[in-house]
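In what follows, a structure is listed as structure tokens, so that the remarks can point back to it.
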Amino acid sequence: MIDILYFARFRERLGVEREQVALSTPQQTVAMLMAELAERGDNWADIFKGTHQVLVAVNQEIVKPDSELNDGDEVGFFPPVTGG
Amino acid sequence: MIDILYFARFRERLGVEREQVALSTPQQTVAMLMAELAERGDNWADIFKGTHQVLVAVNQEIVKPDSELNDGDEVGFFPPVTGG
Amino acid sequence: MDTIRIQQQPFDAGAEIRQLIEADPSMGAVVNFVGVMRNMNEGDAVSEMMLEHYPGMTENALQKIVEEGRERWQLGSVTVIHRVGKLQPSDEIVLVAVTAAHRGEAFDGCEFIIDFLKTRAPFWKKETTTQGERWVEERESDIAALKQWNRQV
Amino acid sequence: MDTIRIQQQPFDAGAEIRQLIEADPSMGAVVNFVGVMRNMNEGDAVSEMMLEHYPGMTENALQKIVEEGRERWQLGSVTVIHRVGKLQPSDEIVLVAVTAAHRGEAFDGCEFIIDFLKTRAPFWKKETTTQGERWVEERESDIAALKQWNRQV
């Protein structure tokens, strides 16, 4: 299982703040996870295969889409940051 | 008459903070005034024709040695500044 | 030497500066940036802002930015405080305070940290304007600000 | 919009920052420099410092520096406070606080003003060290710091 967290406009749009999902294959990458999420419906497709810039953190470190996921990972999805 | 003010190490070395002197010629420049002051003794010579860097302000504006003086001017002599 | 805090309550910039000064009497310079909530953005009046962050990751990201600053310049103490939650115009959002023996390093270190915070630390702003609520978009100028640091040191 | 003060008593950086923020709610950035008396200079322990200035000329020189800064950048409010008289280590000597709509201008304006203050405003420091009293010499690094401003803008 992995923990997925959604932030800011993604959290609002998807109506989910946090969920647990099982890895679908042993060597699943971030890009593969995003493709799966995009199948869930229009809002999901819009974010995960649309024009939105999606930042991904695995265990609180920004990663690239080809990073592999491991059981127990925390995955965060969020738009570009706007603090300060 | 002009007012002369001495600051920081110059004031200490010369033992004078402020004095009034008469202009010796109608078109006296700052450089001419400094040459006159240098005649007053060793401490004066050391400052006004020695290796010290002397900054000069006339009426509170930094000027060059060839600036002409006028009756009523305030002339300040001081070393490089070290505030802040 | 590093203080990193995410908090809802306001901060007192003067007290933070004084604490940094007292921490090390060999430091001659404190440079301090305070980011303030403006009453206008993109031409619209803004009445309120909600600041969200990614707890845990935010603190780690800020810690890494500060460490990167320390690799580039000889810095004394660094304090970064960022507020989250509901804010009104003129509220202070963020403080970055940096001490150094001499001022050039303190200026560079402080500007570096706020420039990277703006584009690397996971915070998001949602503002309430006369046009309704909206998430703030990232600024081109913030991305451009990073570029100067690749050229230097 | 400009506050320039020469004073013996300490200042409260936090209060000065707050005042600048409240002066104009369209300003999003405050950059603040505080110069602090160090307990060491040129390798000697310093126990006390006496700061002298040229009353009248100092205020005019600072005003001119601030105006020059305003010609180069879009600045909001500027506060410059410089202490004179007797100071001890860790005492704050000078504060330069600058607001701007965006941070880049506030950083540049603040650093420009303190760089020029260091070499153009008539202040002199005499320090008491373990080696006795001595007038502080001007710093090569302060003269060098001016050069960057001729290249820019």
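Chains as they are written, first to last, in this note's numbering: chain X, 133 to 216; chain F, 133 to 216; chain Y, 989 to 1141; chain W, 989 to 1141. Ideal placement from N, C-alpha and C gives every residue a C-beta, glycine not left out. Quick caveat: nothing in here was measured; it's all calculated off a predicted structure.
Between the alpha carbons of residue i and residue j, how many angstroms are there, rounded?
i: X/Leu-165; j: X/Phe-142; result: 16 Å
i: W/Leu-1039; j: W/Lys-1114; result: 7 Å
i: Y/Ser-1047; j: Y/Ile-992; result: Going by the sequence as given, residue 1047 of chain Y is Glu instead of Ser. When rounded, the distance between both Cα atoms is 7 Å.
i: W/Asp-990; j: F/Thr-183; result: 39 Å
i: W/His-1041; j: W/Ile-1009; result: 30 Å
i: X/Pro-211; j: X/Ala-140; result: 7 Å
i: F/Ile-194; j: W/Val-1019; result: 29 Å
i: W/Gly-1097; j: F/Gly-216; result: 16 Å
i: F/Gly-208; j: Y/Thr-1087; result: 36 Å
i: W/Phe-1037; j: W/Trp-1123; result: The amino acid at residue 1037 of chain W is misidentified as Phe; the sequence shows Met. Looking at the two C-alpha atoms, the distance is approximately 9 Å.
i: W/Leu-1063; j: W/Glu-1099; result: 13 Å
i: X/Glu-151; j: Y/Gly-1044; result: 18 Å
i: W/Trp-1061; j: W/Ala-1089; result: 11 Å
i: W/Glu-1056; j: W/Phe-1104; result: 10 Å
i: Y/Ser-1078; j: F/Val-188; result: 45 Å
i: W/Ser-1065; j: W/Glu-1080; result: 21 Å
i: Y/Ala-1003; j: W/His-1070; result: 19 Å
i: W/Asp-1012; j: F/Arg-145; result: 48 Å
i: X/Leu-155; j: Y/Ile-1005; result: 49 Å
i: W/Val-1141; j: F/Asp-205; result: Note that W/Val-1141 scores a pLDDT of 48, beneath 50, so its modelled location is shaky and nothing firm can be said.
i: X/Asn-191; j: W/Thr-1118; result: 54 Å
i: W/Ile-1101; j: Y/Lys-1135; result: 25 Å
i: Y/Ser-1129; j: F/Glu-149; result: 53 Å
i: Y/Phe-1021; j: W/Asp-1000; result: 16 Å
i: Y/Ile-1131; j: Y/Asn-1138; result: 12 Å
i: Y/Asn-1029; j: W/Thr-1067; result: 25 Å
i: W/Gln-1007; j: Y/Val-1082; result: 17 Å
i: F/Val-186; j: Y/Glu-1059; result: 41 Å
i: F/Leu-137; j: Y/Glu-1125; result: 59 Å
i: F/Thr-214; j: W/Arg-1127; result: 8 Å
i: F/Gly-173; j: W/Thr-1116; result: 29 Å
i: W/Ala-1133; j: X/Val-153; result: 57 Å
i: X/Gly-147; j: Y/Ala-1085; result: 38 Å
i: X/Thr-157; j: Y/Glu-1121; result: 40 Å
i: F/Met-133; j: F/Ala-170; result: 19 Å
i: X/Asp-135; j: X/Asp-203; result: 9 Å
i: W/Gly-955; j: Y/Trp-1112; result: With chain W covering only 989 through 1141, there is no way to say anything about residue 955 of chain W.
What does DSSP give as the partner residue(s) for residue i in the beta ladder?
i: F/Ala-189; result: F/Ile-194, F/Gly-208
i: F/Asp-135; result: F/Gln-152, F/Glu-206
i: W/Met-989; result: DSSP, once it has assigned bridges, lists no residue as partnering W/Met-989.
i: W/Leu-1134; result: Answer is none; W/Leu-1134 lacks a bridge partner.
i: X/Leu-201; result: For X/Leu-201, which the question treats as bridged, DSSP gives no partner whatsoever.
i: X/Ile-179; result: Partner(s): none; X/Ile-179 has no beta bridge.
i: F/His-184; result: Partner(s): none; F/His-184 has no beta bridge.
Along chain C, which residues have their Cβ under 7 Å away from the Cβ of residue i?
i: F/Arg-141; result: In the structure shown, chain C does not exist; the protein chains are X, F, Y and W.
Mind pulling the beta strand (DSSP E) runs of 3 or more residues that sit fully within the stretch 1046-1128 of chain W? Within the stretch 1046-1128 of chain W, the complete beta strand (DSSP E) runs of at least 3 residues are 1066-1071, 1073-1075, 1080-1088, 1111-1117, 1120-1123.
If the cut-off is 7 Å on Cβ atoms, which residues from the stretch 999-1033 of chain W count as contacting chain Y, listed in chain order? Residues Asp-1000, Ala-1001, Gly-1002, Ala-1003, Ile-1005, Ile-1009, Glu-1010, Pro-1013, Ser-1014, Met-1015, Gly-1016, Ala-1017, Val-1018, Val-1019, Asn-1020, Phe-1021, Val-1022, Gly-1023, Val-1024, Arg-1026, Asn-1027, Met-1028.
What are the uninterrupted segments assigned as alpha helix (DSSP H) that are 4 or more residues long and contained completely in the stretch 997-1036 of chain W, given in chain order? 1001-1011
Chain X contacts made by the stretch 1104-1118 of chain Y, where a contact means CB separation under 8 Å: Leu-1105, Lys-1106, Thr-1107, Arg-1108, Ala-1109, Pro-1110, Phe-1111, Trp-1112, Lys-1113, Lys-1114
Quick check: the stretch 996-1007 of chain Y against the stretch 1072-1087 of chain Y, are at least 3 beta-carbon pairs closer than 8 Å? Taking a cut-off of 8 Å for Cβ pairs, the stretch 1072-1087 of chain Y and the stretch 996-1007 of chain Y touch, as three or more such pairs fall below it.
When Cβ atoms are compared, which residues of the stretch 1121-1137 of chain W fall closer than 8 Å to chain Y? Ser-1129, Ala-1133
Report the residue ranges of all beta strand (DSSP E) runs contained in full by the stretch 138-175 of chain F; include only those spanning at least 3 residues, in chain order. Listed in chain order, they are 150-153.
Identify each residue in the stretch 178-198 of chain F for which the Cβ-Cβ distance to at least one residue of chain W is less than 7 Å, and report them in chain order. Within the stretch 178-198 of chain F, the residues whose Cβ lies closer than 7 Å to any Cβ of chain W are, in chain order, Ala-189, Gln-192.
Could you tell me whether the stretch 190-201 of chain F touches the stretch 160-177 of chain F, using the rule of 3 or more Cβ pairs below 8 Å? yes
Do the stretch 1045-1059 of chain W and the stretch 1098-1108 of chain W touch if we need at least three Cβ pairs shorter than 8 Å? yes
Take every Cβ of the stretch 1027-1038 of chain Y, pair it with every Cβ of the stretch 1019-1037 of chain W, and state whether three or more of those distances are shorter than 8 Å. no
Would you call the stretch 1089-1105 of chain W in contact with the stretch 173-181 of chain F, where contact means no fewer than 3 C-beta pairs closer than 8 Å? Per the Cβ contact rule, the stretch 1089-1105 of chain W is not in contact with the stretch 173-181 of chain F (fewer than 3 Cβ pairs under 8 Å).
Beta carbons nearer than 7 Å to chain X: which residues of the stretch 1082-1095 of chain Y have them? Val-1082
Residues of the stretch 1035-1055 of chain Y in Cβ contact with chain W at a cutoff of 8 Å, in chain order, please. none
Please identify, using Cβ separations under 7 Å, the residues of the stretch 1053-1074 of chain W that lie next to chain F, in order along the chain. His-1070
Check each residue of the stretch 202-215 of chain X: if its Cβ is closer than 8 Å to any Cβ of chain Y, include it; give the result in chain order. Gly-208, Phe-210, Pro-211, Pro-212, Val-213, Thr-214, Gly-215
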